[in-house]
Amino acid sequence: VAALALSYAGLCLEGGAGIVRRAARVLGRELDRQVLADGGHVSRNPKLILELLLDLLPLKQVFLARGLEPPEGLVRAVDRIPPMLRLLRHGDGTLAHFNGMGSTPVDHITTLLFYDESRANPLQRGMLSGYERMESAGTLLTVDVGAAPPVLHAGEAAAGCLSFELTSRGQRIVVNCGTPRNAADPIGQAARATAAHSTLTLDDRSSGRFLAVRGWFGWRLLTGWLVSRIGPVMLRGPRQTKVSRPEPLILEASHDGYSRDFGVLHERRLALSDKGDRLDGEDRVLLTDGKRGKEGPALPAALRFHLHPSIRASLTQSGRIVMLALPGRESWQFVADGFLLDLEESVFLSATDGARRSQQIVLGYDAGQTERVRWRFERLIGG
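Here the sequence shown is numbered in my numbering, starting from 8 and rising by one per residue.
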């Protein structure tokens, strides 16, 4: 941010040529360090690449208007970011709610992408940023498959590895809770927990640990000082993730975020149908050596699927099926063969008008006794 400000100052003030040269070197170096080769930011926060592009595009134009060559790092960043924004963009124009992303200024992102000279298609895989996209016949899936970012860039990172968001023809169905508009809102810390994401939680714990002010007096002083210096960073999260796409519409991924506490890995497989009318999922909890006995110790697990506030959900067949009514004539169902389902309250924090009540599908089971759970979302009407 300082390098951006100095670049603008040097370009706009008389006699600022020296400032421009020095600022351009710093800016290019920082952009190469922070903007990854796939267009994501090292923090994995989609909000930051959106804000960066809002600053970088006009800065590039100011360089050209002054007859100066923009720094190579600036040009590379401006070229890399738009395809990543498109990867994370849903049909309604908003960005997926991962790692600090809240409500999307849709008018801003529309304008930015309009000025994208390459008009690039969305990336399907952000290997360095840790995001995947699958799309078929108007149904879109975005998935977080990345490890925790470096600690000093993890001030807004969330413990949502292997969570996903599902959209059908521009209508959001499955979401993550998102981030409140006010960064100081106390609920913001809870929104970073695994339970606020559409993925698996074990024993009501998160797959990451966050720096927070707590404990006895001396410890509170120390943690309070650290938070004031580096923010409420994620101290520990998934260190290793494995991702494969055996077919374009099949994703297989795993993370080790629960290995330290429970000695297990979480594996998730997602398969989207060619017609976009069905999403099949499978979740497995395995020992870190990849093996598993016939029975393990009790390990309470919960699969959570947070629903967009516009979705009307109801339980049918004694809790075996959840019916989902979308705005308009479209409807879906959620089924997990052999398991009973619950509907619980949730909250959607990223609406443009503030937090809104919503619901979540919860599938609770004992991961110590059950190795895998298969489930599916299926379109019934509107195909």
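Glycine included, C-beta positions come from ideal geometry on N, C-alpha and C. Just so it is clear, the structure is predicted and the values come from calculations on it, not from any experiment.
Identified DSSP bridge partners for residue i
i    : result
W382 : G288
M141 : L148
G133 : Y138
R319 : A332
G371 : A309
T208 : A309
S261 : K249 and E274
L293 : L272
L314 : V181
H48  : V42
R216 : R243
Residue i, enclosing beta strand (DSSP E) - first and last residue
i    : result
Q178 : Q178 to V182
T117 : From DSSP, T117 is part of no beta strand (DSSP E) but of the alpha helix (DSSP H) over V113 to F121.
V271 : V271 to L279
A197 : Note, A197: premise wrong, no beta strand (DSSP E); alpha helix (DSSP H) at I194 to A197.
V250 : T248 to E254
F105 : Run containing F105: none; DSSP gives neither H nor E here.
L159 : Per DSSP, L159 belongs to no beta strand (DSSP E) and is neither H nor E.
Y175 : Sequence check: residue 175 is Ser here, not Tyr. First-last of the beta strand (DSSP E) with S175: F171 to S175.
R243 : M241 to R243
Supposed close pair residue i, residue j - CB separation, criterion 8 angstroms
i    : j    : result
L173 : L286 : 6 angstroms
L169 : D151 : 7 angstroms
I388 : R336 : 6 angstroms
A358 : P304 : 41 angstroms between Cβ atoms; not a contact.
P307 : D373 : 7 angstroms
G244 : A154 : 7 angstroms
M241 : A164 : 4 angstroms
L30  : G17  : Here the sequence assigns Ala to residue 30, which means Leu is not the residue at that position. With a Cβ gap of about 6 angstroms, A30 and G17 count as contacting.
A166 : T111 : Wrong, their Cβ atoms sit about 22 angstroms apart, outside the cutoff.
D284 : E385 : 7 angstroms
R51  : P156 : 5 angstroms
A219 : T206 : With a Cβ gap of about 22 angstroms, A219 and T206 do not count as contacting.
L348 : L331 : Their Cβ separation, rounded to whole angstroms, is 12 angstroms, which puts L348 and L331 out of contact at 8 angstroms.
L256 : S143 : 6 angstroms
L120 : L92  : 7 angstroms
P77  : L71  : 7 angstroms
V69  : Y15  : 7 angstroms
Residue range of the alpha helix (DSSP H) that includes residue i
i    : result
S235 : F224 to I237
V27  : A24 to Q41
S14  : A9 to C19
P53  : P53 to A72
E79  : E79 to L94
Practice task
Run through the stretch 325-369 for me and flag every whole beta strand (DSSP E) of 3 or more residues, listed as ranges in chain order.
Solution key: 328-332, 338-342 and 349-355
Evaluate the contact criterion for the stretch 223-237 versus the stretch 327-343: three or more CB pairs, one atom per stretch, below 8 angstroms. no
| request: Determine contact between the stretch 174-189 and the stretch 99-109, defined as no fewer than three beta-carbon pairs at a distance below 8 angstroms. | output: yes
Would you say the stretch 305-312 touches the stretch 363-372, given that touching needs at least three Cβ pairs under 8 angstroms? yes
*asked:* Taking 8 angstroms as the cut-off, does the stretch 84-102 touch the stretch 116-124 (at least 3 CB pairs, one atom from each stretch)?
replied: yes
* **Inter-stretch contact (C-beta, 8 angstroms, three-pair minimum) for the stretch 29-38 and the stretch 72-84** => yes
Any contact between the stretch 41-60 and the stretch 126-142? By contact I mean 3 or more CB pairs, one from each, below 8 angstroms. yes
Would you call the stretch 247-258 in contact with the stretch 270-277, where contact means no fewer than 3 C-beta pairs closer than 8 angstroms? yes
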